[in-house]
C-alpha cells in the first residue's frame, strides 16, 4: 500500500473513532436532558423572493439560516414548464437524502467503510385528484419506491450491509414520519393590511 493510501486510511479511522465518541457523548447528554434532544426543522416560502402573482413559480428556503432559496416550479402535468424542481421531487429528495445520511452515519458508527452509495426514490401520483377531476382517487402519492445501492470492501458481508440499511430505515426521520402520520396544524394568518381592513 502506498504511503498516501496508508495516511488516508489512518485519517479515516481516526475520524470514525472521533465521530463515534462524539455521538456516544451526545446520546448520553440526551438521556440526561431530554429537552436537548428536541430538534425543530424549518422551511418557508416567501413572496419577497418570487412575487405572489407568479402562478408557475415559487421558492423555498430550508432552515432559518442564510442558505439560498431553492426555486420551485409547477409540474408539467398541471401546467408547469418543468424547468425547476417541483414539490413532489423535493419530497422524494428529502426522503432520499435522509435515508442516505442515516446509512452513512450508521456505517461510520459500525466501522464499515462504504465504497459506493446511492438512494433513489420514485413517487407515483394520480394527478386527477389534485386537479379535482375525480373523487375516486385520493390526493397524494399512491406509492413510493426506494432503491438503495450499497457497497463496501469485499470483507464486509451482505448480512452486515442489510443490517445497516435496516437500522437506517428505523432511524430515518422522513421515512418514519411517512409511516406514523404525525399531527399537522395548518394555521392561516392575515397580513397586517388584511387585518386592518377587517
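Numbering (this note's numbering), first residue to last: 3 to 200.
Glycine included, each C-beta is placed from N, C-alpha and C at the ideal position.
Just so we're clear, the structure is a prediction, and the values are computed from it rather than from any experiment.
Could you give the C-beta distance for residue 174 and residue 101, rounded to a whole number, given that I count them as a contact under 8 Å? In the chain shown, the residue the question calls residue 174 occupies position 172. In the chain shown, the residue the question calls residue 101 occupies position 99. Yes, they are in contact, since the Cβ atoms of residue 174 and residue 101 sit about 5 Å apart, within 8 Å.
Note the first and the last residue of the continuous alpha helix (DSSP H) segment covering residue 2. Since the first residue of the chain shown is 3 and the last is 200, residue 2 is not available in this structure.
Would you kindly work out how many angstroms separate the C-alpha atoms of residue 246 and residue 63, rounded to a whole number? What is shown of the chain runs 3 to 200, which leaves residue 246 out entirely.
Name the residue from 142, 172, 71 whose alpha carbon lies nearest to the alpha carbon of residue 94. By one-based count along the chain shown, residue 94 stands at place 92. Cα-wise, what sits closest to residue 94 is 142.
When the Cα atoms are used, what is the spatial distance from residue 39 to residue 110? Taking the chain shown and counting its residues from 1, one reaches residue 39 at position 37. Taking the chain shown and counting its residues from 1, one reaches residue 110 at position 108. Between residue 39 and residue 110, the C-alpha separation is close to 21 Å.
Measure how close the beta-carbons of residue 79 and residue 129 come, nearest whole angstrom, since I'm counting them as under 8 Å. Position 77 of the chain shown, counting from 1, holds the residue named residue 79. Position 127 of the chain shown, counting from 1, holds the residue named residue 129. That belief holds up - the Cβ atoms of residue 79 and residue 129 are roughly 5 Å apart, short of 8 Å.
Fully enclosed by the stretch 14-73, which beta strand (DSSP E) runs are 3 residues long or longer? 45-47, 59-64
Looking at residue 74 and residue 59, is the spacing between their C-beta atoms short of 8 Å? Residue mapping note: residue 59 aligns to position 57 of the chain shown, counting from 1. Residue mapping note: residue 74 aligns to position 72 of the chain shown, counting from 1. Yes, they are a contact pair.
Measuring CA to CA, which of 140, 119, 189 is closest to residue 155? By one-based count along the chain shown, residue 155 stands at place 153. Checked all of 140, 119, 189; the closest Cα to residue 155 is 119.
Residues bridged to residue 153 [DSSP beta-bridge criterion]: Position 151 of the chain shown holds residue 153. 118.
Note down, in chain order, each residue of its chain lying with its Cβ closer than 7 Å to the Cβ of residue 136, except the 5 sequence neighbours on either side. Within the chain shown, numbered from 1, the residue matching residue 136 stands at position 134. Correct list, in chain order: 130.
Hey, residue 176 and residue 92 are a contact pair by Cβ (cut 8 Å); roughly how many whole angstroms apart? Here residue 176 refers to the residue found at position 174 of the chain shown. Here residue 92 refers to the residue found at position 90 of the chain shown. Their Cβ separation, rounded to whole angstroms, is 11 Å, which puts residue 176 and residue 92 out of contact at 8 Å.
Opening and closing residue of the alpha helix (DSSP H) in which residue 177 lies: Taking the first residue of the chain shown as position 1, residue 177 is located at position 175. Run containing residue 177: 175-182, per the alpha helix (DSSP H) assignment.
Helix, strand or coil, according to DSSP, for residue 167 in the structure here? Against the chain shown, residue 167 aligns to sequence position 165. Note: residue 167 maps to helix in three-state DSSP.
Quick one: what's got a C-beta closer than 8 Å to residue 87's C-beta in the same chain, skipping five residues either side? Your numbering for residue 87 matches position 85 in the chain shown. Closer than 8 Å at Cβ, skipping near neighbours: 72, 73, 74, 75, 95.
Shortest alpha-carbon distance to residue 68 belongs to which of 44, 55, 81, 90? Taking the chain shown and counting its residues from 1, the one referred to as residue 68 is at position 66. Nearest C-alpha to residue 68: 44.
Bounding residues of the alpha helix (DSSP H) (the contiguous stretch that carries residue 130): Taking the chain shown and counting its residues from 1, one reaches residue 130 at position 128. Residues 129-132.
Using the DSSP secondary-structure output, state which residues sit across from residue 146 in a beta bridge. In the chain shown, the residue the question calls residue 146 occupies position 144. Its beta-bridge partners are 125.
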